[in-house]
Each structure stands twice: as C-alpha cells, then as structure tokens.
Amino acid sequence: MFGRRDKDAVEESTAAAEAVTPGTGPYDAANAPAEDGIQRLDLGSLLLPALPDLELRMQANDDGTIAAVIIASPDSALQLGVFAAPRTESIWDEVRADIAESVVGDGGKTEESEGEFGTELLARVPTPEGLAELRFIGVDGPKWFLRGLFQGKAVTDESAAEPLVEALRHLVVVRDREARPVREPLPLRLPKEFAEQAAQQQAAQEAQQTGGTERRPSPNPRTT
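In numbering that gives the first Met the number 0, the protein residues as written are 0 to 223.
Right, here's the structure in full:
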C-alpha cells in the first residue's frame, strides 16, 4: 500500500481529491468552494451546512466526546461519522463488507445498489417490531472516510431523503495533520454557538439550585 513510486502517489492523491469534488460535496477542505453563500457550522472535522427544517443532534461516547453527528427531518435522519483513512486508497468496500457481515450475523439481510455517492448498502435489521430498514453510504477522501446512515423514510423515499442529501452535497471534511490509524474517528465538537448555549443552560441550572429563578431554553443540538 505504501510502496508505490512518488509519481503514482501524487496522481492517486489528486484523483482521490477530485473524486469527492465533482461540483458537489462532500468536499475535502482543500477543494471546498471559497464563496458559495452557504453558512456552515464548525464541528471540528466537519463543516455542516446550516439548512432550514433540519435539526442537528450529537451522539456522545461514554467519556463525553462526540461520536457522530445526526441531522434529522420530521420523518428521517442521517447519522454521519468521519474517520481516518489512507491518503489514496478507498476503504468503503472493506467497511461495507464488515457492515454486511455484522448485519447478516445478527439475522438481517443486505443488498447493494448504486446511488449518487456510489455503492450503497441497504440493510434489513431484526428488531422486536420486525425488520428495520437502514441505508449506508460511504465517501472516500484524501486521508478521511465519511460514513452516512439513513434512517426513517429517507431509506427508500427519495423525496424524504432529499433534504438530508442536500446537506451532504454542501458538507466539508477538515482532516487534521495528525497521523492516525485507519478507521480512527476524527475529532468532532459542539459548534461554538451551541457550546455557548450549553454553558448558559448550565449557569441557569446552577442558579436555580442556589435559589435563583432564571430559566433558559434547552440548547439545540441535543447530545444523546
């Protein structure tokens, strides 16, 4: 994987960068549009477009670090995770095979299809209520890999998926310079605006506990 000639590596690196910037995203930060009029929330390794009618949530690990970003509409959701990857090689085929193996091992079923972002994996996962449908996508970039998981109506309904797909088209991935093992999650954080709201909420709660009466609304996004 690392024994190619420098010329080949340069050509492949360029190809990897171009592969995620054919006019729409997800973009690598080095190739993102400089001025496209899109306001984006800074989540660290992701710059997420602030689009109307979509709710932003954060999924946290036990230690409080952010594991994934979830953007949701009234009937659908898209979970995003971003990971370290080789500079020039795709890992989506490997990741997709691992997901399929896990689903089948749990008694589910999978099938592949082609979509806007390449090969997708449709999974039917057993739950107490029956089989639940999920749709996985993967985007390989230079030294990063983005995994998306559609849930709800967006799994099979294109019109329901469109607002979430539109967010993907304007998403920017910011890969830090730190050397990381392949598949290690890239760091995510609360946007500055929401971190300030969270601090205000904490201050309000402390004031209530000490006899104050100040109340403030809960911040958005939620951390789950």
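Glycine included, each C-beta is placed from N, C-alpha and C at the ideal position.
As the structure is a prediction and not an experimental result, all values here were calculated from the model.
Own chain partners of residue i with C-beta closer than 8 Å, once the 5 adjacent residues on each side are dropped
| i | result |
| --- | --- |
| Val103 | Thr109 |
CA nearest to the CA of residue i, picked from the options
| i | options | result |
| --- | --- | --- |
| Pro51 | Lys191, Pro184, Glu161 | Glu161 |
| Arg176 | Ala84, Gln78, Pro73 | Ala84 |
| Asp74 | Pro186, Phe149, Leu167 | Phe149 |
| Gly147 | Leu46, Thr23, Ala67, Gly36 | Ala67 |
| Pro25 | Thr209, Leu163, Gln208, Pro190 | Leu163 |
| Ala33 | Pro184, Gly106, Val171, Asp139 | Val171 |
| Pro48 | Ile70, Asp61, Asn60, Glu93 | Ile70 |
| Leu79 | Gln208, Gln204, Pro186, Thr209 | Pro186 |
| Asn60 | Gln207, Arg174, Arg188, Ala206 | Arg188 |
| Arg39 | Glu183, Val173, Thr209, Gln208 | Val173 |
| Glu111 | Asp92, Leu145, Glu183, Asp156 | Asp92 |
| Asp41 | Asp35, Lys191, Gln207 | Lys191 |
| Asp156 | Asp105, Gly114, Val81, Gln208 | Gly114 |
| Ala31 | Gly140, Gly151, Thr118 | Gly140 |
| Pro184 | Ser89, Lys152, Val81, Ala178 | Val81 |
| Gly151 | Leu77, Leu46, Ala178 | Leu77 |
Where residue i falls, given that 16 or more other Cβ within 10 Å makes a residue buried
| i | result |
| --- | --- |
| Lys142 | buried |
| Thr87 | buried |
| Gly63 | exposed |
| Met29 | Reading off the sequence shown, one finds Ala at residue 29, where the question assumed Met. Counting Cβ neighbours within 10 Å, Ala29 comes out exposed, since fewer than 16 surround it. |
| Ser44 | buried |
| Ser72 | buried |
| Trp178 | The residue asked about is misnamed: residue 178 is Ala in this sequence, not Trp. It is exposed - the Cβ of Ala178 has fewer than 16 other Cβ atoms within 10 Å. |
Own chain residues within Cβ distance below 6 Å of residue i, not counting five before or after
| i | result |
| --- | --- |
| Leu130 | Arg123 |
| Phe116 | Ile136, Val138 |
| Ile90 | Ala84, Phe144 |
| Thr118 | Glu111 |
Cutoff 7 Å; reference residue i; Cβ partners in own chain excluding five residues on either side
| i | result |
| --- | --- |
| Glu165 | Leu50 |
(message) Ignoring anything shorter than 4 residues, give me the alpha helix (DSSP H) runs that lie fully in the segment 140 to 172, in order along the chain.
(response) Unbroken alpha helix (DSSP H) stretches of 4 residues or longer found wholly inside the segment 140 to 172: 157 to 168, given in chain order.
(request) Go through the segment 46 to 122 residue by residue and report every complete run of the beta strand (DSSP E) that reaches 3 residues or more, in order. (result) 54 to 59, 65 to 71, 75 to 83, 108 to 114
(message) Check whether the segment 54 to 61 and the segment 123 to 141 touch, using three or more Cβ-Cβ pairs below 8 Å as the test.
(response) Taking a cut-off of 8 Å on C-beta distances, the segment 54 to 61 does not touch the segment 123 to 141, as fewer than three cross pairs fall below it.
(request) Report yes or no: do the segment 116 to 129 and the segment 88 to 103 share at least 3 C-beta pairs separated by less than 8 Å? (result) yes
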